[in-house]
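Q:
Residue numbers (our numbering): 995 to 1275.
(1) Identify which residue in 1042, 1247, 1229 and 1264 has its Cα closest to the Cα of residue 1200.
(2) Residue 1130: buried (16+ other C-beta within 10 angstroms of its C-beta) or exposed?
(3) What three-state label does DSSP hand residue 1232 in the structure shown?
(4) Is the separation between the beta-carbon of residue 1032 and that of residue 1053 shorter than 9 angstroms?
(5) Under the three-state reduction of DSSP, which class applies to residue 1097: helix, strand or coil?
(6) Measuring straight from C-alpha to C-alpha, what distance separates residue 1091 and residue 1084?
(7) Mind checking whether residue 1098 and residue 1056 have CB atoms under 9 angstroms apart?
(8) When the Cα of residue 1155 is compared with those of 1241, 1256 and 1079, which residue comes out closest?
(9) In this structure, what does DSSP give as the bridge partners for residue 1074?
(10) Residues in its own chain within less than 7 angstroms of residue 1023 by CB, not counting five upstream and five downstream?
(11) From residue 1040 to residue 1243, what distance separates their C-alpha atoms?
(12) My parser needs the beta strand (DSSP E) runs of 3 or more residues fully inside the stretch 1182-1254; what are they?
(13) Give the DSSP-derived three-state secondary structure of residue 1158 in the structure shown.
(14) Which same chain residues end up closer than 8 angstroms to residue 1174 when comparing Cβ atoms and leaving out the 5 residues on each side of it in sequence?
(15) Which residue wins for smallest C-alpha separation from residue 1206, given the options 1135, 1262, 1268 and 1112?
(16) Residue 1147 and residue 1168 look like a contact to me (Cβ under 8 angstroms); what is the Cβ gap, rounded to whole Å?
(17) Tell me where the alpha helix (DSSP H) around residue 1044 begins and ends.
(18) Between which two residues does the beta strand (DSSP E) containing residue 1050 stretch?
(19) Measure the alpha-carbon distance for residue 1082 versus residue 1233 and round it to whole angstroms.
(20) Within a Cβ cutoff of 6 angstroms, which residues of the same chain sit near residue 1258, ignoring the five residues on either side of it in sequence?
(21) Apply the 10 Å Cβ neighbour rule to residue 1017 and answer buried if 16 or more other Cβ atoms are within range, or exposed otherwise.
(22) Can you pull the DSSP bridge partners for residue 1108?
(23) Roughly how many angstroms lie between the CA atoms of residue 1106 and residue 1139, to the nearest whole one?
(24) Are the Cβ atoms of residue 1128 and residue 1178 separated by less than 9 angstroms?
(25) Where do the N-terminal and C-terminal ends of the beta strand (DSSP E) with residue 1030 fall, by residue?
(26) Tell me which residue opens and which closes the alpha helix (DSSP H) that residue 1276 is part of.
(27) Got a sec? Which residues, its chain only, sit under 6 angstroms from residue 1253 by beta carbon, not counting five neighbours each side?
(28) Exposed or buried, residue 1236, counting other C-beta atoms within 10 Å across all chains shown (16 or more means buried)?
Written as structure tokens, this is what we have:
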């Protein structure tokens, strides 16, 4: 009986120490979209590594893009993980000096893809078909370039991945099949996919809707294209936090071998780490 109580007491003490240890972890508050960003942040691969370094995450999930950067700028969140550099640049162009954010590091790349619930091949697309496009400047450019890569349209000469295109830059000559471009908030394209003949959808919103580029995409960005570098998803912070200890810990956790393995095994080509296993911390 004495042994039983001794063991029970030891267990209680161990549990209390564990709870105390968890309570002592410093909190990093990170804004993210649900898939894959929040999923990656909340994975055991990331949280366990952070705990080893003395930190834990409070992940704030946002449904759209527009509120995430202001939340970091005003100090509500410590960092965010949802966007690529062109999107951040677009935000900074209109933000005040005190609201400017910077890219701390890249984590992964999500291939854009063309999806449809009406056709199974782009060869079946009819003249005048409706094409859904994300309506923010950086992603609409990317979508139009993907349509060109797929052979559906052409874009103005000299256009690069860093250009700022909209549907109004596509002339009738560049669009011989008369496709109709419907500009829609990026987060609404996957839920309303049936409203279009095809749609170009951001990787995170496609994943959130259960769509995977390797299995559901009619045409997918090449993983070795300039887009993989330019549109790599970043962690963004206030400039003053670039040298913070918590950011160094977050970088270590998100670029670890465990995080790499999680992304590769979970998303089947929908999320491609921008770091290699050799680079992993």
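Idealized CB from N, CA, C, for every residue including glycine.
A: With the structure as the only source:
(1) 1264
(2) buried
(3) coil
(4) yes
(5) strand
(6) 14 angstroms
(7) no
(8) 1079
(9) 1025 and 1230
(10) 1052, 1054, 1071 and 1072
(11) 10 angstroms
(12) 1192-1195 and 1227-1231
(13) coil
(14) 1122, 1123, 1124 and 1125
(15) 1262
(16) 6 angstroms
(17) 1038-1046
(18) 1049-1056
(19) 13 angstroms
(20) none
(21) exposed
(22) 1194 and 1213
(23) 11 angstroms
(24) yes
(25) Taken as a continuous stretch (DSSP letters only), residue 1030 belongs to no beta strand (DSSP E), as it is neither H nor E.
(26) Residue numbering for the chain in the displayed model covers 995 to 1275; residue 1276 lies beyond these limits and cannot be assessed.
(27) 1039 and 1040
(28) exposed
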